[in-house]
Amino acid sequence: MDKTECTNTEAEEKEECHHAKVNGQVCVTAQGDNLEATIDPRFGRCAYFIFVDPVTLEYEAMANPNKDLMGGAGIQSGQLVVEKKVTAVLTGHVGPNALKVLKEADVTIIDNVSGTVQEAIRQYDNLSS
Numbered sequence: 509m510d511k512t513e514c515t516n517t518e519a520e521e522k523e524e525c526h527h528a529k530v531n532g533q534v535c536v537t538a539q540g541d542n543l544e545a546t547i548d549p550r551f552g553r554c555a556y557f558i559f560v561d562p563v564t565l566e567y568e569a570m571a572n573p574n575k576d577l578m579g580g581a582g583i584q585s586g587q588l589v590v591e592k593k594v595t596a597v598l599t600g601h602v603g604p605n606a607l608k609v610l611k612e613a614d615v616t617i618i619d620n621v622s623g624t625v626q627e628a629i630r631q632y633d634n635l636s637s
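Be aware that the sequence shown starts at 509, since it is given in the working numbering, and climbs by one per residue.
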């Protein structure tokens, strides 16, 4: 699990960047619609987005409406995730266009994630504390 560097330098200087973000909602790309689903390695074309509160493990599963687009799936998916006001994305890989959208919104990106959604959330929680 690799953490893309935080773009919030002010918070980083206060050592709050990733520690504070654990309380925000996290988006995990998944092949299914629950916490036991396997991570989908594709951000823009994942089957589902699972929006999870890492503290309570309450979640909302959303089928990805962009997965079958001919082009622009990464940008559209990035915008969808930003609109949900998540603090972090856990996935296998984020393409360059989606990466730009997420970074502009100060979303922490953790890539090379594998296993289940619940395992990824636990690892994120450990990484952030």
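Every residue, glycine too, gets a C-beta built ideally from N, C-alpha and C.
Burial check for A571: the Cβ neighbour count within 10 Å stays below 16, so the residue is exposed. Between G580 and F551, the CB-CB gap reaches or exceeds 9 Å.
DSSP places D619 in the uninterrupted beta strand (DSSP E) bounded by T616 to D619. Listed as beta-bridge partners of M578 by DSSP are no residues whatsoever.
In the pairwise beta carbon analysis, the region 554–570 is classified as not touching the region 601–614: fewer than three pairs are separated by under 8 Å. Restricted to the region 581–630, the alpha helix (DSSP H) segments that are unbroken, complete and at least 4 residues in length are 581–591 and 604–612, listed in chain order. Under DSSP, the beta-bridge partners assigned to A538 are I547 and Y556. In this structure, L565 is the residue among D614, D576 and L565 with its C-alpha nearest to the C-alpha of E544.
The Cβ atoms of V536 and I617 lie no closer than 9 Å to each other. Contact annotation, P573 with V534: C-beta distance approximately 20 Å; criterion of less than 8 Å not satisfied.
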